[in-house]
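Shown next, in structure tokens, is the structure this report addresses.
Protein chains: 2
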Amino acid sequence: MNNPVRKTIATVCLSGMLDDKLRASAAAGFDGVEIFENDLVNSHLSPEGIRDRCADLGLSIDMYQPFRDFEALPAEQHETNLRRAERKFDLMERLGTDTMLVCSTLAPQAIDDDDLAAEQLHALATRAAPRGIRVAYEALAWGRFVNTWEHSWRIVHQADHPKLGVCLDSFHILSKDPRPTGIATIDPEKLFFLQLADAPPPDMNLLRLSRHHRLFPGQGSFDLTHFVDQVLATGYTGPLSLEVFNDVFRQSDPGPAALDAMRSLLSLEDGVAAHGPRGPYRVGITEPTPSPELSGWAFAELDVDERSATEITTTLSALGFVHTGQHRSKPVQLWQHGDCNVVLNRTSEKTSEWGTAELAGLAVESRAPDSSAQRARELLAPRLPTQHADTEAELHTSATPDGKRIHFCRTEGDDPTSWRTDFTATGTPPAGAPVLVDIDHIAVAEPFDHFAESMLFYRSVFDLRPQAETEYAAPFGLVRSQALGNRSGRIRIAMHAAVLRRGEWAPEVPDPEHISFGTDDIIGAARSMRDSGAPILRIPENYYDDLDARYVLDPELLSEMRMLNILYDRDDHGEFFHFCTDLLGSRVFFEVVQRVGDHRGYGAANTPVRMAAHRQARLHRAT
Amino acid sequence: MNNPVRKTIATVCLSGMLDDKLRASAAAGFDGVEIFENDLVNSHLSPEGIRDRCADLGLSIDMYQPFRDFEALPAEQHETNLRRAERKFDLMERLGTDTMLVCSTLAPQAIDDDDLAAEQLHALATRAAPRGIRVAYEALAWGRFVNTWEHSWRIVHQADHPKLGVCLDSFHILSKDPRPTGIATIDPEKLFFLQLADAPPPDMNLLRLSRHHRLFPGQGSFDLTHFVDQVLATGYTGPLSLEVFNDVFRQSDPGPAALDAMRSLLSLEDGVAAHGPRGPYRVGITEPTPSPELSGWAFAELDVDERSATEITTTLSALGFVHTGQHRSKPVQLWQHGDCNVVLNRTSEKTSEWGTAELAGLAVESRAPDSSAQRARELLAPRLPTQHADTEAELHTSATPDGKRIHFCRTEGDDPTSWRTDFTATGTPPAGAPVLVDIDHIAVAEPFDHFAESMLFYRSVFDLRPQAETEYAAPFGLVRSQALGNRSGRIRIAMHAAVLRRGEWAPEVPDPEHISFGTDDIIGAARSMRDSGAPILRIPENYYDDLDARYVLDPELLSEMRMLNILYDRDDHGEFFHFCTDLLGSRVFFEVVQRVGDHRGYGAANTPVRMAAHRQARLHRAT
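Protein sequences appear in the order of chains G and Y.
Residue numbering for the first sequence follows UniProt numbering, starting at 1 and increasing by one per position.
Residue numbering for the second sequence follows UniProt numbering, starting at 1 and increasing by one per position.
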């Protein structure tokens, strides 16, 4: 009993790849770590490799976490959950750790039944026992039914299994009760783990939201169209006045911020005008030119320097693209595969040690390019000067707030106004049986302090609808993701931003952007592209072990995906398969995706794995 | 009725000085602005000047805001409030605006009485009417009694004055009810103003706090000493494990972050050990060397280059300091005034176009410098190599996480170990009757992503107690401020950080740091220093007009303060008077403060005014 209290740290506390985190923890003198699941899944180290690395560093692995949504579920899900647990126990044996954290359930199917929770946790502990594993049950402060430590303790007490105990987390307890009593009476044999975190005062959510995170209309979650409609229905004729307290806007150059603000009101008026039958009170509303139908991506445009050009064209060739056109007056190439068009502009600008390859332009098919361009101007998009010769097509070009070119065009084979007429055919015909169908989406990265502005820009100028916003923990920080799409689903943009950024300790992972091509045969595409020598991004084995625990997939399919480095996601509407190339030049890559059913996601759940793999590949290439 | 809806923007939405905001709003095509009080108070433009500037830019001033804590107060406060309102009406007449925003009260003395609220608002409108001013009453979502638009509307309806109406703010309404009904029935004559803001979903405060803002123990608000004490009382012998989800730590170099984490546990153990009687369960707790009493600041140390040296020494002279000592072996000067010591190290490093003057070292008086240094090392402060000749005193020197030197020393006139023995007397005696008493506090600036780390460092190494944390809206972004002090109040540190920073659009205002000297005669000090030619920072007239509205101050005192550029704050314990110099070199300045009664603040409320004034002075100097 005279040993000093051991000090451990969850890997989730620190930034970096798992190896970075372990080294930092050991150097700071920690005795051990909790391994956070995502850190393991993203790692190219095997579980045994992680165990050895920790041993070399003098670190114990004190816990594996988190295991979610286990208890108080209907019988069928309980069986699936036990299968999932067995897979994680396998993993824990390989890691050499004996404690698993189980968080109180958030599952919508869960039942408010302590007896059932105790019974199922008892069953879990019974499976864990022969392997020498302990289960530590923790009440999340927002757990559906179990959200106090007392409640988790009652259930553990009732389940009465020697391998089942509680984990206390100061955050979940003190955020609800600053001075809890009764903890001292817990049986220490049943108190398996203690997690510590401090936090700012948990008071007044709305006040904090109001003072720090207000947004201009169209950048957040409020239905302001309906609201303004109601106010105008009174006969109100005063101004629409913006009052927004926002940490980011407060420190941004007010020039662009004011334009962003004005765009939000113009876009709001557009929404109000379109909202319902026109009444007299809507007389004052100005309505931008309605958006003509946008039927798809005409092309995506990359700026590439000499070094990256080779890398990009080699990769495009391996993906089955053919260099079909050469611009009449500029050093610009057109590459085609099916209906996918990629335009490469030669640039001499150097943006990174890896060479320059920048997603520089987005070209959309518009039924009426003039009107689209007019709408963009009305919504305060700066118009870029077009430098076209008399014989060339006029591209209606604007710029996004961060300087990407936007072209509105109408592609008709023989139409003399088509952008295609600017290219002389190289004579090489496009490939015969394309495996790629179209550009599925384009993913752009934004600095965190331009995210809301860019989102509103794309949303209003292209008349897109925001889809679910998500956040995920990437190796070097949280990443926020917002997808936008138009009614037909033909124009899809996925936006990413680090939620915060100042420290630049991981410069090998700059904000990546990509062009995603759709296919109807992901396996065939992956195989043929691999065989053609495409630089396909290598995904860690741990990812597939985790997939196997999470989903019951056809073993043959899983094995093919593992071999071909195909990532997987699923929701209630369908499935999503995708694979990526390595990073090319500064920060772009290509992706191939297959949507099965009506899946509307973009594989955001896999982004941390992809980012970690890109980082790994860069480290590998650098050495 | 065919006029387009007017579009206006509150100046609080944008960053910068008032003039920056007005220009940006006009350029973006806004018709008018709401003037936010702080923007006016911080401005060197007079109200008439602001009116003219808006007119030149084609902007109307649609509202002045906010006026707080007015309604439903006891009779005596009601009279004070009417006086305050009259001052603001004077101001509004000068500005040429006719609508004042009144937010529903948060005042602790307010009474839950709608009749009284209506009666007092009626009285306010009655005062406003002859001046042609309207009062727009707005329910804050967190208003004490009035926090829904329906409630504000009932009170306005009941008060029944033509110059009293409601202001609707989408944030306050939609954050509580996403689809409000009934708004359309409001009498448009009574609907004076509409403010629009969007926001992220206002759900699950604890979840957001947990996933983004957890902190290491000692960096937040939780009483973790008590908590850990309770857990150890069970007989728990498992590890203390940190589990912290934090946006900043997730993107910080994990090396220093892990050290910060370890320091938090060491400091926590220190707290637990000191917490109560030692029980058997505390056996495992390791306790750092207890902190010897720190009895005050020995000196503050500036690194200055040639250009700044002149500026600094001229200013010190004007503040009554005398160059009393010259270091035996280094280009280091000692300047003294009373018990205030400032050490200047000559450096050749250039940190800004304004020259280099950096707060580089903090020296504290310790009863046992060895033990203090030992404690610092145990708490993982890097020890700096001391380059002292054999005949010189050994300074026990460590470094803060951001590289400031920390010296622990014991100043005794004839003690051969005193740091003073390193200096040869210049022969010039210190001034006879010092007006400055001591170093009251030292204010340091931290990058936002090192704030928690530095706070914990100062707190644990110097054994300080955190005082209230505040946030204020400075011209170029929100600033967070945290004061720390020891038991005796002899060591006080005020920390500042921009809550966020990427955009650098206002480089004239780098993170300022200062040394604050205490006096018992602020008026005398200000007068003599002004007469000696000290570069005293000029405070805008608007600030004093606002002081006059907020407090009933002796007119003669107010007039002296205005003339001498003295700032003022007050709380329940006493008063705080202070004035500052201009910025010297890169980012430092001196301050002189007088505390009356037991005031424990640092003038944080005045920091935005001070920052705006420093910016103004720099702009002025640059042209």
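Ideal placement from N, C-alpha and C gives every residue a C-beta, glycine not left out.
Owing to the predicted nature of the structure, the values given are computational and were not obtained by experimental measurement.
Separation of G:Ala129 and G:Lys163 (C-alpha to C-alpha, rounded to the nearest whole angstrom) is 6 Å. The DSSP-derived three-state label of G:Ser210 is helix. For Y:Arg600, there is no enclosing beta strand (DSSP E), as DSSP marks it with neither H nor E.
In the same chain as Y:Thr148, and ignoring 5 residues on each side of it, the C-beta atoms closer than 6 Å to its own belong to Ala139, in chain order.
Between G:Ile515 and G:Ile439, the C-beta gap is smaller than 8 Å, which places the two residues in contact.
Taking C-beta atoms as the reference points, G:Pro256 and G:Pro401 count as a pair closer than 8 Å.
For G:Met262, the closest Cβ of chain Y is nearer than 8 Å. The alpha carbon of G:Thr185 has as its nearest neighbour, out of Y:Arg144, Y:Asp229, Y:Pro217 and Y:Trp153, the alpha carbon of Y:Asp229.
Looking at the backbone, the Cα of Y:Ala604 and that of Y:Trp419 are separated by about 33 Å. When DSSP states are grouped into helix, strand and coil, G:Asn606 belongs to the helix group. In the three-state reduction of the DSSP assignment, Y:Asn345 falls in the strand class. By the criterion of at least three beta-carbon pairs nearer than 8 Å, the segment 30-39 of chain Y is not in contact with the segment 79-86 of chain Y. Closer than 8 Å to the CB of Y:Trp297 there is not a single CB belonging to chain G.
The C-beta of G:Pro555 comes no closer than 8 Å to any C-beta of chain Y. With respect to the 8 Å criterion, Y:Val437 and Y:Gly296 are not classified as neighbours on the basis of their beta carbons.
Taking C-beta separations shorter than 6 Å and ignoring five residues to either side along the sequence, the partners of G:Trp354 in its chain run Gly585 and Ser586, following chain order.
Around G:Cys13, the beta-carbon contacts reaching into chain Y at under 9 Å are Arg214, Phe216, Leu242, Glu243, Val244, Phe245, Asn246, Phe249, Arg250, Pro254, Ala257, Ala258 and Ala261. The Cβ-Cβ distance between G:Ser43 and G:Ser267 does not fall below 8 Å.
Bounds of the alpha helix (DSSP H) holding G:Asp20 are Leu18 to Ala27. Taking the CA atoms as reference points, Y:Ser221 sits about 38 Å from Y:Met63.
Bounds of the beta strand (DSSP E) holding G:Val479 are Gly477 to Gly485. At the C-beta level, Y:Ser25 and Y:Ile50 stay beyond 8 Å of one another.
Following the DSSP letters along the chain, one finds Y:Ser317 inside the alpha helix (DSSP H) bounded by residues Glu306 to Ala318. With respect to the 8 Å criterion, G:Glu365 and G:Ala300 are not classified as neighbours on the basis of their beta carbons.
The C-alpha of Y:Gln195 is placed about 17 Å away from the C-alpha of Y:Arg68.
Just measuring C-alpha positions, the residue of Y:Asp572, Y:Glu575 and Y:Ala549 sitting nearest Y:Phe89 is Y:Ala549. In this structure, Y:Lys21 keeps its C-beta atom at 8 Å or more from the C-beta atom of G:Pro239. What G:Gly29 touches in chain Y, judged by beta-carbon distance under 7 Å, is Met262, going in chain order.
Assigned with DSSP and collapsed to three states, Y:Val588 falls in strand.
Partner residues in a beta bridge of G:Asn147, as assigned by DSSP, do not exist. Among the residues facing chain Y, G:Ala612 is not included, as its CB has no counterpart in that chain under 8 Å away. DSSP, read as helix, strand or coil, puts G:Tyr543 in helix. G:Leu302 places its beta carbon less than 8 Å from that of G:Val588.
With respect to G:Arg307, G:Pro331 sits apart: the two C-beta atoms are not nearer than 8 Å. Here the alpha carbon of G:Leu464 sits roughly 18 Å from the alpha carbon of Y:Asp198. Taking every protein chain shown into account, the CB of G:Leu362 has 16 or more other CB atoms within 10 angstroms, so this residue is buried.
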